[in-house]
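Participant: Residue numbers (this note's numbering): 5 to 170. Beta carbons: idealized from backbone N, C-alpha and C, even for Gly. Here it is: the structure, laid out below.
Below is the structure:
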């Protein structure tokens, strides 16, 4: 066996290099996609802030999922703040189905911007719904998350076409 390797080592080395090149060409990323600067991004596509918000990588998603499950098991809030709370608060009463009382309740729960509401998952929506008391079911019934998604990305024309005048 040693004679075979010592005799054919150049051929083995060339085969290894060719295998590495073919492997690289077969498994490299084939497509690169980038959005232009004038294309509005949906709230879930925007990168998170560097001040502790959740990121967009697979590791960040796994860590957030693990924290969410641990929080449910321990019955504790695991997120210090909801994502998207940067900037001035929006007028939540502009959303159909949200009046001043519900808006103040949502503000008390930490939801102050359209972007935050637009990024709510179904599980988060159910958890918030349990805390709304008399307003339970209102957010889902009035499709508030969908409305907030239009307003968060600044698509008032799309909002008005779908839900009526603002």
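Cutting at 6 Å between CB atoms, please list the residues of its own chain near residue 102, excluding the five before and the five after it.
Facilitator: Position 98 of the chain shown, counting from 1, holds the residue named residue 102. Here the set comprises 96.
Participant: What first and last residue would you give for the alpha helix (DSSP H) that runs through residue 4?
Facilitator: Any property of residue 4 remains undetermined from this structure, which presents the chain solely from 5 to 170.
Participant: Cα separation between residue 84 and residue 163?
Facilitator: If you number the chain shown from 1, residue 84 lands on position 80. If you number the chain shown from 1, residue 163 lands on position 159. For residue 84, the pLDDT reaches just 46, beneath the cut-off of 50, and the residue's location in the model is therefore unreliable, although a value from the coordinates is still provided. Approximately 31 Å between the Cα atoms of the pair.
Participant: CA-CA distance, residue 55 and residue 65?
Facilitator: To locate residue 55, count along the chain shown from 1; it is residue 51. To locate residue 65, count along the chain shown from 1; it is residue 61. At residue 55, the pLDDT of 46 sits below 50, so the modelled position is not reliable and the matter cannot be decided from this model.
Participant: Using three-state DSSP, classify residue 128 as helix, strand or coil.
Facilitator: Along the chain shown, one-based indexing puts residue 128 at 124. Helix at residue 128.
Participant: Since residue 152 is in the alpha helix (DSSP H), which residue starts that stretch and which ends it?
Facilitator: Locating residue 152 in the chain shown gives position 148, counting from the first residue. Its alpha helix (DSSP H) spans residues 148-156.
Participant: Are the beta-carbon atoms of residue 109 and residue 136 separated by less than 9 Å?
Facilitator: In the chain shown, residue 109 corresponds to position 105, counting from 1. In the chain shown, residue 136 corresponds to position 132, counting from 1. Yes.
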